[in-house]
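Accompanying notes for the structure given below.
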Ligand SMILES: Cc1ncc(COP(=O)(O)O)c(C=O)c1O
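In the numbering used here, the protein residues as written are 66 to 318.
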């Protein structure tokens, strides 16, 4: 893994012109932002974890960010992710892979087999299939309910009103373990406005905790709004472009 730019490979993923040293610097800068946000919010150091969103970037970029100290990676596209996970199989025990993209019913078997976490469960049918298809030699799949907190009609995510019912059903499924909730609100400008969008997710998460559901994960915040997410109680932020650079979706067409 030298210092040169990663070449585009025949894997359908975009290249980054960042070197391993660049990626390490970007990653450290994001870690510093999280630490500063924790401090600003009066939260304990280390209370927010970082998920590096590697979608569209190749295994070399993941390996470089892993070498910097990152172990949890998030992927949106199932087939791309499976190829990457297999390419990096020698590091499988050290890495945790989170599915953060939409899960169609016909992809649940792949997801159940290859991922450690699925953050985007928003339908009972998908939860049931993941439960049935989780291989018996693997630990339960760690699951978050994806909640549509800002009400966009075309968006994924269960409604705030429907989240409890789905979460309760997931808690009954033995091969899934409910860890909390995630949301992907549309981007808004300004700290106060961002906090306002995150507030219903925080309230729901706190209620689930108070109900004794044993949830520990509130996944929200990305490159542009992680400070507001940390101020709003996020325990995990999902950061892509601030680490890997701008994504090139043309290879996805
Ligand atoms: C679900 C999800 N979370 C996080 C991210 C990371 O976003 P960003 O590159 O703005 O950090 C993405 C990127 O598309 C995403 O789809």
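Here a beta-carbon is modelled for each residue, glycine too, at the ideal position from N, C-alpha and C.
As the structure is a computational prediction, the values presented were derived from the model and not from experiment.
Ligand 1 has a heavy atom closer than 8 Å to the beta-carbon of residue 118. Pairing residue 148 with residue 123, the inter-Cα distance amounts to about 10 Å.
Annotation: the continuous beta strand (DSSP E) that includes residue 117 extends over 114 to 118. By the 16-neighbour rule on beta-carbons within 10 angstroms, residue 203 is exposed. In the DSSP assignment, residue 162 is bridged to 138. The DSSP-derived three-state label of residue 210 is strand.
DSSP lists no bridge partner for residue 92. Annotation note: the region 231 to 286 contains the following uninterrupted alpha helix (DSSP H) runs of length 4 or greater, listed N- to C-terminal: 256 to 275. Secondary structure at residue 223: strand, using DSSP grouped into helix, strand and coil. Of the residues assessed, residue 282 falls on the buried side of the cut-off, its CB having 16 or more other CB atoms within 10 angstroms. Burial of residue 85 is indicated by the presence of at least 16 other C-beta atoms within 10 angstroms of its C-beta. The beta carbons of residue 221 and residue 185 sit closer together than 9 Å. Per the coordinates, the alpha-carbon of residue 183 lies some 17 Å from the alpha-carbon of residue 270.
Excluding the 5 residues flanking it on each side, residue 127 has same chain C-beta neighbours closer than 7 Å at 119, 138, 149, 153, in chain order. When C-alpha distances from residue 205 are compared across 277, 241, 165, the shortest belongs to 241. Between residue 309 and residue 91, the C-beta spacing is below 9 Å.
Around the C-beta of residue 197, fewer than 16 other C-beta atoms lie within 10 Å, and the residue is accordingly described as exposed. At least one heavy atom of ligand 1 sits closer than 8 Å to the Cβ of residue 312. Runs of the alpha helix (DSSP H) lying entirely within the region 164 to 190, each at least 4 residues long, are 173 to 179 in chain order. Straight through space, the alpha carbons of residue 142 and residue 190 are spaced by roughly 20 Å. With distances taken between CA atoms, residue 132 lies nearest to 156 out of 109, 194, 98, 156.
Only residues of its own chain outside the window of five on either side were considered, and among them 113, 115, 291, 295, 302 have a CB closer than 7 Å to the CB of residue 99, listed in chain order.
Inclusion of residue 177 and residue 160 in the CB contact set at 9 Å is not warranted, their separation being larger than that value.
Rounded to whole angstroms, the separation of the alpha carbons of residue 165 and residue 280 is 18 Å. Apart from the 5 residues on each side of it in sequence, residue 247 sits with its Cβ closer than 6 Å to the Cβ of 184, 209, 211, 284 in its chain, given in chain order. By the Cβ-count criterion, residue 201 is exposed, with fewer than 16 other Cβ atoms from all chains shown falling within 10 Å of its own Cβ.
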